[in-house]
Amino acid sequence: MKVIQVKNLSKSYKVPKPTTNKIEKAMSLFYRKYNQIDAVKNISFDIEQGEIVGYIGKNGAGKSTTIKMLTGVLMPSNGAIEINGFDPYIDRRKISSEIGVVFGQRTQLWWDLPLIDSFKLLRDIYGISEQEFRRKISQFDDVLNLQSLLNKPVRLMSLGERMRCDIAASLLHNPKVLFLDEPTIGLDIEAKEEIREFIKIMNREKKVTVILTTHDMSDIEKLCSRIMFIDDGQIFFDGSQNELKELYGGMKSINLITQNPVIIPDEFRDVLEINKKSNYNIEIFYSKKDLEISDVLIPFFERNIIQEMEVSEENIERVISKLFRSLDAATTNNMKIS
Numbered sequence: 220m221k222v223i224q225v226k227n228l229s230k231s232y233k234v235p236k237p238t239t240n241k242i243e244k245a246m247s248l249f250y251r252k253y254n255q256i257d258a259v260k261n262i263s264f265d266i267e268q269g270e271i272v273g274y275i276g277k278n279g280a281g282k283s284t285t286i287k288m289l290t291g292v293l294m295p296s297n298g299a300i301e302i303n304g305f306d307p308y309i310d311r312r313k314i315s316s317e318i319g320v321v322f323g324q325r326t327q328l329w330w331d332l333p334l335i336d337s338f339k340l341l342r343d344i345y346g347i348s349e350q351e352f353r354r355k356i357s358q359f360d361d362v363l364n365l366q367s368l369l370n371k372p373v374r375l376m377s378l379g380e381r382m383r384c385d386i387a388a389s390l391l392h393n394p395k396v397l398f399l400d401e402p403t404i405g406l407d408i409e410a411k412e413e414i415r416e417f418i419k420i421m422n423r424e425k426k427v428t429v430i431l432t433t434h435d436m437s438d439i440e441k442l443c444s445r446i447m448f449i450d451d452g453q454i455f456f457d458g459s460q461n462e463l464k465e466l467y468g469g470m471k472s473i474n475l476i477t478q479n480p481v482i483i484p485d486e487f488r489d490v491l492e493i494n495k496k497s498n499y500n501i502e503i504f505y506s507k508k509d510l511e512i513s514d515v516l517i518p519f520f521e522r523n524i525i526q527e528m529e530v531s532e533e534n535i536e537r538v539i540s541k542l543f544r545s546l547d548a549a550t551t552n553n554m555k556i557s
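Residue numbers for the sequence shown follow the numbering used here, beginning at 220 and rising by one.
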């Protein structure tokens with residue numbers, strides 16, 4: 220079942236045209252010239268119920284603009300959006316019960332009030348029954364340990380505590396779709412894992428569809444079955460993690476711990492990418508297309524006493540980092556040509 224349908228979606232802005240000419244500056248008081256910025260360019264996609272989709276891209280790529288259109292904050296310049304049959308901008312009141320939104324940099328909770336008062340206000344706004352409200356609070360407490368926070372003012376909470384409460388608040392009214400923007404930003408490892416586990420539970424048990432935007436690729440790797448990559452306002456890639464790795468990865472890594480100070484074979488110094496973590500620990504990256512693992516390991520085993528070895532696929536963070544660099548290089552080359 221398609222929960223989100225996006226067809227030929229575009230968003231353009233007009234910004235004042237800069238000028239250093241004094242006459243043009245004076246004229247701009249009466250007649251201002253504008254440049255058009257195309258933030259999102261004719262994108263189309265469908266999202267099924269229960270998917271967790273990572274929507275990623277560089278700063279300025281069009282992520283936030285897309286999310287604002289999907290949540291009804293911005294009106295599209297062209298194209299159409301449907302979330303459970305509603306247009307997010309036209310049907311903003313109706314869509315509010317269908318979606319939940321969490322922005323890592325902002326909170327929907329009342330700053331000076333105890334958490335339970337914020338929850339009660341949201342209960343009344345969404346028309347949640349007292350029985351259902353108590354059941355939800357109990358459910359959230361089981362997973363997020365909220366009991367000790369219910370009477371605590373939001374302003375006194377740590378960032379990790381507030382984020383747990385914000386996500387609970389966004390799910391209080393049983394939304395079909397949850398939009399998460401940087402949900403683990405600034406959190407420690409333990410807090411990040413708690414947030415990720417809660418998202419997985421709600422997705423698995425309630426079939427909540429999740430749209431995740433983040434710069435933390437660990438969130439993407441651990442949560443998302445599907446990745447959409449936007450660049451310069453256009454969908455550059457839409458597929459699974461494995462498909463992304465196949466297209467833009469192609470590397471394997473070998474982590475070696477040696478008993479002796481590690482000796483790198485001369486023939487590999489300019490061929491392999493080697494990350495020397497310490498005198499006794501290195502990580503080797505090699506192309507699966509160009510080399511067999513034995514071609515890499517035998518010369519190292521001949522020169523070193525290997526204590527531990529771990530072979531793994533290239534992680535998603537490294538693949539996406541390479542993809543960012545290749546896009547930056549392509550943009551630079553295009554600028555030089557023009």
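For each residue, glycine too, the CB sits at the ideal point set by N, CA and C.
Please work out which residues of its chain come closer than 7 angstroms, Cβ to Cβ, to residue i, disregarding the five sequence neighbours upstream and downstream, and give them in chain order.
i, result
"Gly-469", "Ser-506, Lys-507 and Lys-508"
"Phe-543", "Lys-277"
"Lys-495", "Ile-501"
"Gln-478", "Ile-524 and Gln-526"
"Asp-457", "Phe-264 and Met-447"
When you compare only the Cα positions, how much space is there between residue i and residue j?
i, j, result
"Arg-325", "Ile-404", "11 angstroms"
"Leu-491", "Asn-523", "17 angstroms"
"Arg-445", "Ile-271", "7 angstroms"
"Phe-264", "Tyr-499", "48 angstroms"
"Ser-296", "Ile-314", "20 angstroms"
"Glu-521", "Ile-483", "11 angstroms"
"Val-429", "Asp-514", "43 angstroms"
"Ile-309", "Gln-358", "33 angstroms"
"Gly-452", "Lys-260", "5 angstroms"
"Gly-273", "Glu-465", "18 angstroms"
Along the chain, where does the beta strand (DSSP E) containing residue i start, and where does it finish?
i, result
"Ala-258", "253–267"
"Met-528", "525–532"
"Gln-453", "453–458"
"Glu-413", "Careful: Glu-413 lies outside any beta strand (DSSP E), inside the alpha helix (DSSP H) at 408–425."
Grab me the residues of residue i's own chain with a C-beta within less than 8 angstroms of its C-beta, minus the 5 sequence neighbours each way, in chain order.
i, result
"Arg-374", "Trp-330 and Asp-331"
"Phe-305", "Lys-313, Ile-314 and Glu-317"
"Ile-476", "Tyr-499, Asn-500, Ile-525, Gln-526, Glu-527 and Met-528"
"Ala-258", "Lys-230, Ser-231, Tyr-232, Gly-281, Thr-284 and Gly-452"
Between residue i and residue j, how many whole angstroms is the CB-CB distance? I'm expecting something under 8 angstroms.
i, j, result
"Ile-439", "Ile-535", "6 angstroms"
"Ile-318", "Pro-394", "5 angstroms"
"Gln-268", "Val-222", "5 angstroms"
Is the closest heavy atom of the ligand GTP to the C-beta of residue i under 7 angstroms?
i, result
"Leu-397", "You won't find the ligand GTP in this model; it holds no ligand whatsoever."
I'd like the span of the alpha helix (DSSP H) that includes residue i, first residue to last.
i, result
"Pro-235", "Per DSSP, Pro-235 belongs to no alpha helix (DSSP H); it is in the beta strand (DSSP E), 221–235."
"Gly-379", "378–389"
"Val-515", "512–522"
"Arg-354", "349–363"
"Tyr-345", "334–345"
"Arg-445", "Arg-445 -> not in any alpha helix (DSSP H); beta strand (DSSP E) instead, spanning 445–450."
"Met-288", "282–289"
Ordered along the chain, which non-local residues of its own chain (more than five positions away) have a Cβ less than 6 angstroms from that of residue i?
i, result
"Pro-480", "Asn-498"
"Ser-531", "Ser-472"
Can at least three beta-carbon pairs, one atom from the segment 424–439 and one from the segment 226–234, be found at a separation below 8 angstroms?
no
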